[in-house]
Amino acid sequence: DQQVKQNSPSLSVQEGRISILNCDYTNSMFDYFLWYKKYPAEGPTFLISISSIKDKNEDGRFTVFLNKSAKHLSLHIVPSQPGDSAVYFCAALQETSGSRLTFGEGTQLTVNP
Amino acid sequence: DTGVSQNPRHKITKRGQNVTFRCDPISEHNRLYWYRQTLGQGPEFLTYFQNEAQLEKSRLLSDRFSAERPKGSFSTLEIQRTEQGDSAMYLCASSSWAGQHEQYFGPGTRLTVT
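Here it is, written out as structure tokens:
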């Protein structure tokens with residue numbers, strides 16, 4: 282069963298605009314949600330996380346929003362830069378089920394100059 | 066802090082051969098994880114260690130797979146009698162006890178089984 286889903290395989294935005302990446306989950310017991318960025322031939326790089334007790338976390342150009350009632354989170358990147366072009370993964374963790382991260386399928390973001 | 070390192074970066078092997086991968090975590094991290102990623106998918110959890118103890122294993126980890134972390138530092142992942150379906154990127158990550166929900170990944174080992 283796919284507990285974390287990213288329904289958009291790709292997203293294209295113009296430089297300077299906002300990028301919004303979405304993620305849905307089914308397991309209401311998840312405690313933390315994380316976003317990772319991945320360039321080709323590299324491992325995923327941690328970007329930002331949010332606890333399930335919060336609804337927003339901000340770090341520079343990156344903001345993550347969590348809507349627990351909808352089981353939905355999103356990553357906002359403002360302003361988008363060409364260097365942000367990468368695959369973005371949403372991941373979730375349930376502390377009572379160990380430390381495994383459950384990942385979505387990823388969204389390829391392309392920021393056009 | 067040099068980050069998580071993995072060796073080799075690429076491995077091509079013939080079906081039926083055994084392969085071993087190595088992961089060196091961030092030095093102060095006591096948790097180490099192995100994931101597998103196939104094309105178009107997100108990483109899938111395989112197993113994790115806290116210090117030298119292997120605390121959790123996924124059902125994906127068949128009996129042909131074995132992982133060790135003998136001194137609580139580096140870890141090895143061995144695949145015996147490789148199959149074409151084992152072709153994937155094998156990722157290692159580490160985390161500290163304090164920041165356990167943030168896992169830091171290495172560059173991965175790309176395995177191709179011919």
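Residue numbers (our numbering), protein chains in the order written: chain A, 282 to 394; chain B, 66 to 179. Just so it is clear, CB atoms sit at the ideal spot from N, CA and C, and this is done for glycine as well.
The residues I144, in chain order, have a CB closer than 6 Å to that of F130(B) in the same chain once the five nearest residues on each side in sequence are set aside. When only Cα atoms are considered, E376(A) and T383(A) end up about 12 Å apart. The beta carbon of S289(A) sits no closer than 8 Å to any beta carbon of chain B. Cβ atoms of V285(A) and A373(A) come within 8 Å of each other, at about 5 Å.
Between S140(B) and F114(B) the beta-carbon gap is near 6 Å, inside 8 Å, which marks them as a contact. Taking the CA atoms as reference points, I77(B) sits about 44 Å from K349(A). W99(B) sits away from A153(B), with the two beta carbons spaced by 8 Å or more.
Annotated three-state conformation of E167(B) is coil, per DSSP. Listed along chain A, no residue sits closer than 9 Å to L125(B) by beta-carbon distance, the nearest being about 11 Å off. Secondary structure note for V294(A): its beta strand (DSSP E) is the uninterrupted segment 291–295. Beyond the five residues adjoining it in sequence on each side, E167(B) comes within less than 8 Å, by CB distance, of S160 in the same chain, given in chain order. In the DSSP assignment, N348(A) falls within the beta strand (DSSP E) that extends over 343–348. Residues of chain A whose Cβ lies closer than 8 Å to the Cβ of E167(B) are, in chain order, L315, F327, S330.
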